[in-house]
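Visitor: Before anything else, here's the structure in question.
2 protein chains.
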Amino acid sequence: MPRSAPNNHRDSQAKLQRILRQAARVFSEKGFEGASIRDISRASGVSLSGLYYYFESKQKLLYLIQIHAFTSILQRLERRLAGLLDPEERLRTLVANHIEYFLRHPMEMKVLAHEDLALEDPYRREVAEIKRRYYQLARSIFDELRAGGRVRRMNPRVAVLSLFGMMNWIYTWHHPRVDPPADRLAEIVADIFLEGVGNGQAARRARPLPIGRGLPQHRARASA
Amino acid sequence: MPRSAPNNHRDSQAKLQRILRQAARVFSEKGFEGASIRDISRASGVSLSGLYYYFESKQKLLYLIQIHAFTSILQRLERRLAGLLDPEERLRTLVANHIEYFLRHPMEMKVLAHEDLALEDPYRREVAEIKRRYYQLARSIFDELRAGGRVRRMNPRVAVLSLFGMMNWIYTWHHPRVDPPADRLAEIVADIFLEGVGNGQAARRARPLPIGRGLPQHRARASA
DNA sequence: CTATTTTTCGAACGAACGTTCGACTAGATT
DNA sequence: AATCTAGTCGAACGTTCGTTCGAAAAATAG
Chain A
1 MPRSAPNNHR DSQAKLQRIL RQAARVFSEK GFEGASIRDI SRASGVSLSG
51 LYYYFESKQK LLYLIQIHAF TSILQRLERR LAGLLDPEER LRTLVANHIE
101 YFLRHPMEMK VLAHEDLALE DPYRREVAEI KRRYYQLARS IFDELRAGGR
151 VRRMNPRVAV LSLFGMMNWI YTWHHPRVDP PADRLAEIVA DIFLEGVGNG
201 QAARRARPLP IGRGLPQHRA RASA
Chain B
1001 MPRSAPNNHR DSQAKLQRIL RQAARVFSEK GFEGASIRDI SRASGVSLSG
1051 LYYYFESKQK LLYLIQIHAF TSILQRLERR LAGLLDPEER LRTLVANHIE
1101 YFLRHPMEMK VLAHEDLALE DPYRREVAEI KRRYYQLARS IFDELRAGGR
1151 VRRMNPRVAV LSLFGMMNWI YTWHHPRVDP PADRLAEIVA DIFLEGVGNG
1201 QAARRARPLP IGRGLPQHRA RASA
């Protein structure tokens, strides 16, 4: 009955990825509880029972989507951070990576940001652990920034979580036709944060060179 | 069968409020779709069918919770803003009002922030309209701030929505035993925002008098 | 006390849910 | 050619869902 021939392990994995993508879309549109496996069957073109060849439960399906998205964003971030030493550049890279990934994979990220309540305890803990690692990475960059004297006295936990708030809320309002693209958005958010937690001297600047910051030069490009 | 006597219209309204409170709790814990009317029946002590005397559908129940919360926060804000003219103070008041209400009614606000996808089109539009009014109020305060020359050139929509991001994300991480109380939290968030969007001069200061800003005086009280 | 209105609930409805099962197909292996 | 394995699906399972209905109790009015 399968019209195209799934000959090997490769094709099977690819089909699973296709299912995960469609499932993420359905979850992002109707919510985890509001979406039915039948919805996902319809969206993916795989029969209801056929889906269970690829995942053993609805919970596991959500888990697979979340783990995949989180792992990707973290791997990508660690790769981009590898060569960077300057704390401000590291933080700007984290923000850019986060927002770019968000806008490039809006459905997966919406599921990630919106559906952590729905996962139950075997899976819940594992996703929470990765989330914690991500927060700790951001926190350590913030602490480097602070050690460099570029942050004023303030509660670091609240500061970092406020940054995540700005970034994670974007999915609720961003419209590609109206709002700036990812790189510009990342710049604005990073500017607000760095100025916002800064000690008043320096901070907001356009992309400087890998080391040292550029001289003051006004950034144009506003929009009313 | 009711043991206490609901004598008049007052008591009936009070019981509805009790049901709304319990329903908000259940929705905040299990999500709108994940929660069943039977859960709400159990939590509120009213029989399954008895609930339908107070609201006509699950959708309407969610609508009532959201409208009530939104109306309250907006009314309270407009009252507090009445006497204030200084844009910075007006913005600080908005932030304080928002965060205080959030932390005082965490369940209702979680439902408000988390479940706008679930509402369908007769109700959805009405809630969206109030949300829009709230955003516009914040936006107009930001524009006043800008007109006063205290904001640098930047995309105002992105700025204001980033502020909402910081505020609306709090419900995902705030733990009363670990994190600062509402007033302190509001101060931090307002500081980050005002410094973050500011033009470099002035901004972050402890509550000044209703008009004019106080002289520089260091704000102590940090926490590692 | 009687009549009326407001409030409550047990029982049941059909629909939709997540999941399972056994049969079937088609390519790979021997 | 016979066997095996990976992949697919229709049909059905038992459960839970939101909602309805009619009766009965409690409060109010005359």
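One line per chain: the protein sequences are A and B, in this order.
Using our numbering, the letters of the first sequence correspond one by one to residues 1 to 224.
Using our numbering, the letters of the second sequence correspond one by one to residues 1001 to 1224.
Positions of the beta carbon are idealized from the N, C-alpha and C atoms, including for glycine.
Predicted, not measured: the structure shown is a model, and the values here were computed from it.
(1) Can you tell which of B/Ala1082, B/Arg1038, B/Ser1036, B/Leu1051 has its C-alpha closest to the C-alpha of B/Ile1019?
(2) Please report how far the alpha carbon of A/Ser12 lies from the alpha carbon of A/Leu64, in whole angstroms.
(3) Is it true that the CB of A/Val26 sits closer than 7 Å to the CB of A/Gln66?
(4) Would you say B/Asn1249 lies against chain A (beta-carbon separation less than 7 Å)?
(5) Of all Cβ atoms in chain A, is any one closer than 7 Å to the Cβ of B/Glu1195?
(6) Considering only their Cβ atoms, is the gap separating B/Gly1165 from A/Met166 smaller than 7 Å?
(7) Cα separation between B/Gln1017 and B/Ala1069?
(8) Below 8 Å on C-beta distance, what does A/Ala159 contact in chain B?
(9) Under 6 Å Cβ to Cβ from B/Glu1144, same chain only, skipping five residues before and after it: list those, please.
(10) I'd like to know if A/Gly148 contacts chain B, where contact means its C-beta is closer than 7 Å to some C-beta of that chain.
(11) If the criterion is Cβ atoms closer than 7 Å, does the pair B/Arg1139 and B/Val1160 meet it?
(12) What in chain B is Cβ-close to A/Ala118, meaning under 8 Å?
(13) Between B/Ala1113 and B/Tyr1171, what straight-line distance do the alpha-carbon atoms span, to the nearest angstrom?
(14) Residues of chain A with a CB under 7 Å from the CB of B/Phe1164: which are they?
(15) Is B/His1218 helix, strand or coil when you go by DSSP?
(16) Counting pairs of beta carbons, one from the region 1088-1107 of chain B and one from the region 1169-1183 of chain B, are three or more of them closer than 8 Å?
(17) At the level of alpha carbons, what is the spacing between A/Met107 and B/Ala1014?
(18) Does the Cβ of A/Asp191 have 16 or more other Cβ atoms within 10 Å, making it buried, or fewer, making it exposed?
(19) Per DSSP, what kind of secondary structure is B/Leu1085 in: helix, strand or coil?
(20) According to DSSP, is A/Pro180 helix, strand or coil?
(21) Since A/Arg150 and A/Gly198 are thought to touch, with beta carbons under 8 Å apart, how far apart are those beta carbons, to the nearest angstrom?
(22) Would you mind giving the Cβ-Cβ distance between A/Ser28 and A/Lys110, rounded to the nearest angstrom? I have them listed as a contact below 8 Å.
(23) Hey, could you find the ends of the alpha helix (DSSP H) A/Leu112 is sitting in?
(24) If you reduce the DSSP assignment to three classes, tell me which class A/Ser47 lands in.
(25) Hey, quick one: how far does the alpha helix (DSSP H) through A/Ser225 stretch, first residue to last?
(26) Express the C-alpha separation of B/Ala1023 and B/Tyr1053 in angstroms, rounding to a whole number.
(27) Here's the rule: buried if 16 or more other CB atoms are within 10 angstroms of the residue's CB, otherwise exposed. What is A/Ala147?
(28) Do you know whose CA, among A/Gln75, A/Arg76, A/Arg90, A/Asp121, lies nearest A/Lys60's CA?
(29) Is the beta carbon of B/Leu1081 closer than 7 Å to that of B/Arg1092?
(30) Give the straight-line distance between the Cα atoms of A/Arg42 and A/Lys58, rounded to the nearest whole angstrom.
(31) I need the DSSP call for A/Gly149, collapsed to helix, strand or coil.
Guide: This is what the structure holds:
(1) Reading the second sequence from its first residue, position 19 is the one you call residue 1019 of chain B. Answer by Cα proximity: B/Leu1051.
(2) Here residue 12 of chain A refers to the residue found at position 12 when the first sequence is read from its first residue. Here residue 64 of chain A refers to the residue found at position 64 when the first sequence is read from its first residue. So the alpha carbons of these two residues sit roughly 15 Å apart.
(3) In the first sequence, counting from the first residue as 1, residue 66 of chain A sits at position 66. In the first sequence, counting from the first residue as 1, residue 26 of chain A sits at position 26. Taking 7 Å as the Cβ cut-off, A/Gln66 and A/Val26 do not qualify as a contacting pair.
(4) No answer is possible for residue 1249 of chain B: it lies beyond the span of chain B, which begins at 1001 and ends at 1224.
(5) As a working note, residue 1195 of chain B is residue 195 in the second sequence. Chain A contact via Cβ: present.
(6) Counting from 1 along the first sequence, the entry for residue 166 of chain A is found at position 166. Counting from 1 along the second sequence, the entry for residue 1165 of chain B is found at position 165. Result yes, Cβ atoms of A/Met166 and B/Gly1165 sit closer than 7 Å.
(7) As a working mapping, residue 1017 of chain B is identified with position 17 in the second sequence. As a working mapping, residue 1069 of chain B is identified with position 69 in the second sequence. Each residue's alpha carbon lies about 12 Å from the other.
(8) Numbered from its first residue, the first sequence carries residue 159 of chain A at position 159. By Cβ distance, chain B contributes Ile1188, Ile1192.
(9) The sequence position of residue 1144 of chain B within the second sequence is 144, counting from 1. Cβ neighbours of B/Glu1144 beyond the five flanking positions: Pro1087.
(10) Along the first sequence, one-based indexing puts residue 148 of chain A at 148. Cβ-Cβ to chain B under 7 Å: no for A/Gly148.
(11) In the second sequence, counting from the first residue as 1, residue 1139 of chain B sits at position 139. In the second sequence, counting from the first residue as 1, residue 1160 of chain B sits at position 160. In this structure, B/Val1160 lies closer than 7 Å to B/Arg1139 by Cβ.
(12) Mapped onto the first sequence, residue 118 of chain A falls at position 118. By Cβ distance, chain B contributes Gly1031, Gly1034.
(13) Counting from one through the second sequence, the residue named residue 1113 of chain B turns up at place 113. Counting from one through the second sequence, the residue named residue 1171 of chain B turns up at place 171. Taking the straight line from one Cα to the other gives about 9 Å.
(14) Position 164 of the second sequence, counting from 1, holds the residue named residue 1164 of chain B. Correct list: Trp169.
(15) By one-based count along the second sequence, residue 1218 of chain B stands at place 218. With a pLDDT of 45 at B/His1218, under the threshold of 50, the modelled position of this residue cannot be trusted; read the value that follows with caution. Coil.
(16) yes
(17) To locate residue 107 of chain A, count along the first sequence from 1; it is residue 107. To locate residue 1014 of chain B, count along the second sequence from 1; it is residue 14. Looking at the two C-alpha atoms, the distance is approximately 41 Å.
(18) Position 191 of the first sequence, counted from the start, is the residue given in the question as residue 191 of chain A. The residue is buried, with at least 16 neighbouring Cβ atoms inside 10 Å.
(19) To locate residue 1085 of chain B, count along the second sequence from 1; it is residue 85. Coil at B/Leu1085, not helix or strand.
(20) Counted from its first residue, the first sequence places residue 180 of chain A at position 180. If DSSP states are grouped into helix, strand and coil, A/Pro180 belongs with coil.
(21) For this step, residue 150 of chain A is matched to residue 150 along the first sequence. For this step, residue 198 of chain A is matched to residue 198 along the first sequence. Right, the Cβ-Cβ distance comes to about 6 Å (below 8 Å), so this counts as a contact.
(22) The residue labelled residue 28 of chain A in the question sits at position 28 within the first sequence. The residue labelled residue 110 of chain A in the question sits at position 110 within the first sequence. That belief holds up - the Cβ atoms of A/Ser28 and A/Lys110 are roughly 4 Å apart, short of 8 Å.
(23) What you label residue 112 of chain A is simply residue 112 of the first sequence in a count that begins at 1. Taken as a continuous stretch (DSSP letters only), the alpha helix (DSSP H) holding A/Leu112 covers 106-114.
(24) Position 47 of the first sequence, counted from the start, is the residue given in the question as residue 47 of chain A. The answer is coil: DSSP assigns A/Ser47 none of H, G, I, E or B.
(25) Nothing can be reported for residue 225 of chain A: it is not among the residues displayed for chain A, which extend from 1 to 224.
(26) Your numbering for residue 1053 of chain B matches position 53 in the second sequence. Your numbering for residue 1023 of chain B matches position 23 in the second sequence. Those two C-alpha atoms are separated by around 15 Å.
(27) To locate residue 147 of chain A, count along the first sequence from 1; it is residue 147. Classification of A/Ala147: exposed, given that the 10 Å Cβ count is below 16.
(28) Locating residue 60 of chain A in the first sequence gives position 60, counting from the first residue. For A/Lys60, the nearest C-alpha among the options comes from A/Asp121.
(29) In the second sequence, residue 1092 of chain B corresponds to position 92, counting from 1. In the second sequence, residue 1081 of chain B corresponds to position 81, counting from 1. Going by C-beta atoms, B/Arg1092 is not nearer than 7 Å to B/Leu1081.
(30) Taking the first residue of the first sequence as 1, we reach residue 42 of chain A at position 42. Taking the first residue of the first sequence as 1, we reach residue 58 of chain A at position 58. Answer to the nearest angstrom: the Cα atoms are 15 Å apart.
(31) Translated into the one-based positions of the first sequence, residue 149 of chain A becomes position 149. Coil.
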